[in-house]
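Novice:
Chains as they are written, first to last, in our numbering: chain A, 32 to 369; chain B, 91 to 419.
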């Protein structure tokens, strides 16, 4: 059974939710592109195109989708590492896009990120101790010996020997580096962590170690987490709720158990059917999607999934279906699911 | 008489580094039967890719060197061939598909050009015949409007389309054997399903054998007929696919299978994954016994002292583990 607090089944409200830690409303991010030097401006990649959801306290929300679906951009917008084209992100009822530099710095203590590639996200010239102490110095937390003690405590927490403080990133394996990435995210006691593909560059035997660690710290610190990944097995394992994205949109959002057992959107169905199962005797119904993801520049009319949908009907071309609740707490953007 | 398309005997490939000799592939034996799919599973550094490159005799030398071994391919030991003879095997009779098609396709030539080049070189086709055959091949691997696509450059194609081009190139000379090294790892899951289905369909139709190298046990379970599990340059377990997944005997194989979260079986939040502790041994580490001992949950004292042989303990099922042999101490 799913552990953790009961999730609200309320539909998404117009403004920020009173109870949620994080409310994302009508978030959009369009990247301008030019073709060639004198190319016609005004073309835009619809990376994130009207995304809304709530994240409850202590909840892990899985954000899944294939490359280019906008899941990472959504994660970066939530932390305001990118400015949106439009829309709001409310963190504890405060729209973070209205925060000035000073306020934003204070907010950043509460919201942290874990990156995919622990090789690229650690400064190779800084010792692990210096890397972990840096946020404490920036946020003027404690004196030197208190900070050092905190760093040692964090390393222990993530399963590393505290005596590694004087070592450099290259001396660690990928799994250990990701543990350091987790420690760094925890340094300032955040309330929210966005984990962007945190285990996808790790070997299979190491992935499980890091997943277990993330679950442990989530429990211990009652963290809320957005877990971005393309691996649907891992997302199923770690998430309370799951949002499936396609071409900049959430096409399905629901409790993990329900969504995996009874997917509502044909895209979710196809994704689940495409996961290879490590059991040669597993009985599968194959749904092979035709073609590739359409270009996010020239979005098709009507439903975005139309060109690849095995269940499409002519009515699907009439409107781009909104995300509507079909079962309690479980919504889909598909006219056939209604 | 040897019924196998490919039979590797006691292959050892080493790399000389500043920190010492790396035993990347350390005495492996493998066999690929005609028309079958052999899956090689391993994590980074297990030696699975070096095995493929050794067979193709593509190990950069120095620093690498094939120290010993026989590589029998359709009755010829590839190790005895001169480079010029090897070039006639490579690409023509044994082809390779890599993980990242963008790095193995030449960015300054159109994809059609690159396939035609292969056909003209290996099959001595005329320019016109090579062009026609190229279009046929692109159609065969499911590329829509093949004529137009053949005139495009690799960067104009999506990842899935590029991998289809790589496959078209690999099958262009009707090889007996294809090595596919993580062919779908860089692809999205729905595209991966398309490519795996395509490989399977082509293999059946053209009667090729396939060696599929992957870290993904799910992909292996779906495609391979036989599986070899590699760890630290060795094969630690080998069996038919159904047998291996039903009765994994090596603690490493068991650990890998147990550590995978599975959406079809998951208990969801709160359920702990059974992780394998520790990490793959460093190249420089010298372990006299079984290389998996430091991470093994069932290791006995014998394991650290002497390396177990690869031994058949169930019909067609070989494993390299003292505990699986029934040793107690």
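Every residue, glycine too, gets a C-beta built ideally from N, C-alpha and C.
Source: prediction; values computed, not measured.
The beta strand (DSSP E) spanning residue 328 of chain B covers which residue range?
Specialist: Residue 328 of chain B -> beta strand (DSSP E) spans 324-330.
Novice: Would you call the CB atoms of residue 106 of chain A and residue 262 of chain A closer than 8 Å?
Specialist: Against a cut-off of 8 Å, the Cβ pair of residue 262 of chain A and residue 106 of chain A comes out as no contact.
Novice: Could you give the residue range of the alpha helix (DSSP H) that holds residue 206 of chain A?
Specialist: 205-217
Novice: Could you check whether the Cβ of residue 230 of chain A sits closer than 8 Å to any Cβ belonging to chain B?
Specialist: Not an interface residue.
Novice: Could you work out which residue in B:232, B:371, B:273, B:108 is closest to residue 193 of chain B when comparing CA atoms only?
Specialist: B:273
Novice: Measure from the alpha carbon of residue 347 of chain A to the alpha carbon of each residue in A:356, A:253, A:335, A:294, then state which is nearest.
Specialist: A:335
Novice: Pull up the DSSP beta-bridge partners for residue 103 of chain B, would you.
Specialist: B:115, B:156
Novice: CB-CB under 6 Å to residue 36 of chain A, same chain, minus the five flanking residues each way: which ones, in chain order?
Specialist: Note that residue 36 of chain A scores 38 on pLDDT, short of 50, meaning its location in the model is unreliable; the coordinates nonetheless yield the value given after this. 89.
Novice: Give the secondary structure of residue 237 of chain B by DSSP, where H, G and I count as helix, E and B as strand, and everything else as coil.
Specialist: helix
Novice: Threshold first: 3 residues or longer. Then list the beta strand (DSSP E) segments lying entirely within the segment 259-298 of chain B, N to C.
Specialist: 267-271
Novice: Here's the rule: buried if 16 or more other CB atoms are within 10 angstroms of the residue's CB, otherwise exposed. What is residue 168 of chain A?
Specialist: exposed
Novice: Taking contact to mean at least 3 C-beta pairs separated by less than 8 Å, is the segment 257-271 of chain A in contact with the segment 372-390 of chain B?
Specialist: no
Novice: Runs of 3 residues minimum, wholly inside the segment 216-293 of chain A: which ones carry the beta strand (DSSP E) assignment?
Specialist: 223-227, 255-260, 272-277, 280-286
Novice: Can you tell me where the alpha helix (DSSP H) holding residue 197 of chain B begins and where it ends?
Specialist: No alpha helix (DSSP H) holds residue 197 of chain B; DSSP gives it neither H nor E.
Novice: From the DSSP secondary-structure annotation, give me the bridge partner or partners of residue 363 of chain A.
Specialist: Residue 363 of chain A is bridged by DSSP to A:283, A:355.
Novice: Exposed or buried, what is residue 359 of chain B when buried is set at 16 or more other beta-carbons lying within 10 Å of its beta-carbon?
Specialist: buried
Novice: Going by CA-CA distance only, name the one from A:97, A:82, A:143, A:145 that's closest to residue 119 of chain A.
Specialist: A:82
Novice: So, are the CB atoms of residue 323 of chain B and residue 116 of chain B less than 8 Å apart?
Specialist: yes
Novice: Starting from residue 80 of chain A and walking both ways along the beta strand (DSSP E), at which residues does that stretch end?
Specialist: 74-86
Novice: Helix, strand or coil for residue 107 of chain A? Go by DSSP, reduced to three states.
Specialist: helix
Novice: For residue 312 of chain A, which residues in chain B fall below 7 Å Cβ to Cβ?
Specialist: 332
Novice: Less than 8 Å between CB atoms is the rule here; does residue 195 of chain A satisfy it with respect to chain B?
Specialist: Chain B places no beta carbon closer than 8 Å to that of residue 195 of chain A, leaving this residue out of the contacts.
Novice: Quick one: grab the DSSP three-state call for residue 57 of chain A.
Specialist: strand
Novice: Quick one: grab the DSSP three-state call for residue 162 of chain A.
Specialist: helix
Novice: Touch check for the segment 299-314 of chain A and the segment 268-288 of chain B: three-plus C-beta pairs under 8 Å?
Specialist: yes
Novice: Identify the contact partners of residue 210 of chain A in chain B, using a Cβ-Cβ distance below 7 Å as the criterion.
Specialist: Neighbours of residue 210 of chain A on chain B: none; closest Cβ ~11 Å, over 7 Å.
Novice: Just curious, the alpha helix (DSSP H) that residue 310 of chain B is in, first and last residue?
Specialist: 307-313
Novice: With DSSP run on the structure shown, which of helix, strand or coil describes residue 146 of chain B?
Specialist: coil
Novice: Is residue 210 of chain A closer than 8 Å to residue 233 of chain A when the C-beta atoms are compared?
Specialist: no
Novice: With three or more beta-carbon pairs closer than 8 Å as the criterion, would you say the segment 292-304 of chain B touches the segment 293-303 of chain A?
Specialist: no
Novice: Just to confirm the assignment, what range does the alpha helix (DSSP H) spanning residue 415 of chain B have?
Specialist: First-last of the alpha helix (DSSP H) with residue 415 of chain B: 412-415.
Novice: Quick check: the Cα distance between residue 390 of chain B and residue 102 of chain B, rounded to an integer number of angstroms?
Specialist: 28 Å
Novice: Answer yes or no: do residue 322 of chain A and residue 339 of chain A have a C-beta to C-beta separation smaller than 8 Å?
Specialist: yes
Novice: Any beta-carbon of chain B closer than 8 Å to the one on residue 263 of chain A?
Specialist: yes
Novice: What does residue 400 of chain A touch in chain B if you count any residue whose Cβ is under 7 Å from its own?
Specialist: Residue numbering for chain A in the displayed model covers 32 to 369; residue 400 of chain A lies beyond these limits and cannot be assessed.
Novice: What distance in whole Å lies between the Cβ atoms of residue 204 of chain B and residue 195 of chain B, which are believed to be in contact at a cut-off of 8 Å?
Specialist: 6 Å
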